[in-house]
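In terms of this note's numbering, the numbers along the sequence shown are unbroken and rise by one, the last being 223. Virtual Cβ for every residue (Gly too), placed ideally from N, Cα, C.
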Amino acid sequence: MNIATAHTLPPSITLIDLFGLRRARPHTRSAIMAIREILEVPDPRLKTVSVPVEPEEFNDELRVLVDDMFETMYDAPGIGLAAIQVGVPKRVLVIDLQPEDPDAEADDCCEDEGCDAKRPAHRNEPRIFINPVILNPADEVSTYQEGCLSVPEIYADVDRPATCTVRYQDLDGNTHEEDLEGLLATCLQHEMDHLEGILFIDHLSRLKRNMALKKLKKLRQAA
Ligand code: NI
Numbered sequence: 001m002n003i004a005t006a007h008t009l010p011p012s013i014t015l016i017d018l019f020g021l022r023r024a025r026p027h028t029r030s031a032i033m034a035i036r037e038i039l040e041v042p043d044p045r046l047k048t049v050s051v052p053v054e055p056e057e058f059n060d061e062l063r064v065l066v067d068d069m070f071e072t073m074y075d076a077p078g079i080g081l082a083a084i085q086v087g088v089p090k091r092v093l094v095i096d097l098q099p100e101d102p103d104a105e106a107d108d109c110c111e112d113e114g115c116d117a118k119r120p121a122h123r124n125e126p127r128i129f130i131n132p133v134i135l136n137p138a139d140e141v142s143t144y145q146e147g148c149l150s151v152p153e154i155y156a157d158v159d160r161p162a163t164c165t166v167r168y169q170d171l172d173g174n175t176h177e178e179d180l181e182g183l184l185a186t187c188l189q190h191e192m193d194h195l196e197g198i199l200f201i202d203h204l205s206r207l208k209r210n211m212a213l214k215k216l217k218k219l220r221q222a223a
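And the structure:
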């Protein structure tokens, strides 16, 4: 997912612009990570309903998939990615909202005397959701201007429940429940849609969706 929110940003600036700067990797779990190809509309695989990760599949292959998904998402750059977007129809999502405050000043590197180095103020917060299920979505709705790595260059306002609880498994197969709000709640719901073969433009009216797809076609022809 790419996203821009009118709450915190001038309407003309989208987070994709702010993410133009490549950020440091949060950590390296495997020696070899690979950037995978991101499927784009109208690739029919994006309409696939993804299948659960089975208990015996919490293995190294799953770790490699998750590492590659982060690598691919940071490279794009985006703030969320579902496995089906790299052609793997499994119920696996990665999210990293990255900068909360794009104007924040860089932090000091450390407290060592004589060290003037700075590190980015916006820490990466990689999140992994395997077999996620949304519980008790709020009646209250929030609206964000959303984008999607599979629908490049297109942004549109989408209404979604403002808060929800998500039940999910981690890479070790342990189950967790967490209350989400704000951008994380929206991003999680956007990524969960991918697991059902739904794109954010499917939430738009037919007219707006067709306009968006036409615009994308034009952009591609111009490229
Ligand atoms: Ni998306």
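Where L180 falls: helix, strand or coil (DSSP) = L180 falls in the strand class under three-state DSSP.
D157 (DSSP reduced to helix, strand or coil) | Three-state DSSP puts D157 in a strand.
Whole angstroms is fine: what's the gap from I35's alpha carbon to D68's?
-> Distance from the CA atom of I35 to the CA atom of D68, rounded to whole angstroms, is 6 angstroms.
Give the DSSP-derived three-state secondary structure of C164 in the structure shown.
-> The answer is strand: DSSP assigns C164 an E or B state.
Under three-state DSSP, which class holds A82?
-> Note: A82 maps to strand in three-state DSSP.
Do you know how far the Cα of A83 is from the Cα of D60?
-> It is roughly 16 angstroms from the alpha-carbon of D60 to the alpha-carbon of A83.
Below 9 angstroms between beta carbons: does that hold for T163 and L180?
-> Yes; because the gap between Cβ atoms is below 9 angstroms, this pair is in contact.
Any chance the CB of G80 is under 8 angstroms from a heavy atom of the ligand NI?
-> In terms of side-chain proximity, the C-beta atom of G80 is found nearer than 8 angstroms to a non-hydrogen atom of the ligand NI.
Does the Cβ-Cβ distance between V41 and L213 come in under 9 angstroms?
-> Yes.
So, helix, strand or coil for L195, using DSSP?
-> In the structure shown, L195 sits in a helix (DSSP, three-state: H, G or I).
Run through DSSP, which three-state label would N2 get?
-> Strand at N2.
Quick one: what's T175 bridged to in DSSP?
-> Per DSSP, Q169.
Identify whether T48 lies in helix, strand or coil by the three-state DSSP scheme.
-> T48: coil per DSSP, three-state reduction.
In chain order, what residues have a CB nearer than 5 angstroms to some heavy atom of the ligand NI?
-> Look at which beta carbons fall closer than 5 angstroms to any heavy atom of the ligand NI; those residues are M1 and C148.
Are the region 165–173 and the region 201–215 touching, with three or more C-beta to C-beta distances below 8 angstroms?
-> In this structure the region 165–173 does not touch the region 201–215; the number of beta carbon pairs closer than 8 angstroms is below three.
Terminal residues of the beta strand (DSSP E) in which Q98 lies | From DSSP, Q98 is part of no beta strand (DSSP E); its letter is neither H nor E.
Can you name, in chain order, every residue of its own chain whose Cβ lies under 7 angstroms from the Cβ of S142, other than the five neighbours on each side?
-> Within the same chain, S142 has close Cβ partners R160, A162 and T186.
Status (buried if at least 16 other CB within 10 Å, exposed otherwise) for P44 = Classification for P44: exposed.
Simplified DSSP assignment, three categories, for V88 | Here DSSP, grouped into helix, strand and coil, assigns V88 to coil.
Could you tell me the distance, in whole angstroms, from the CA atom of R23 to the CA atom of P126?
-> Here the model assigns R23 a pLDDT of 38, short of 50, so the residue's position is not dependable, and the following value carries that caveat. Each residue's Cα considered, the two are about 13 angstroms apart.
Could you check if P55 is buried or exposed, using at least 16 other CB atoms within 10 Å of its CB as the buried criterion?
-> Per the 10 Å Cβ criterion, exposed.
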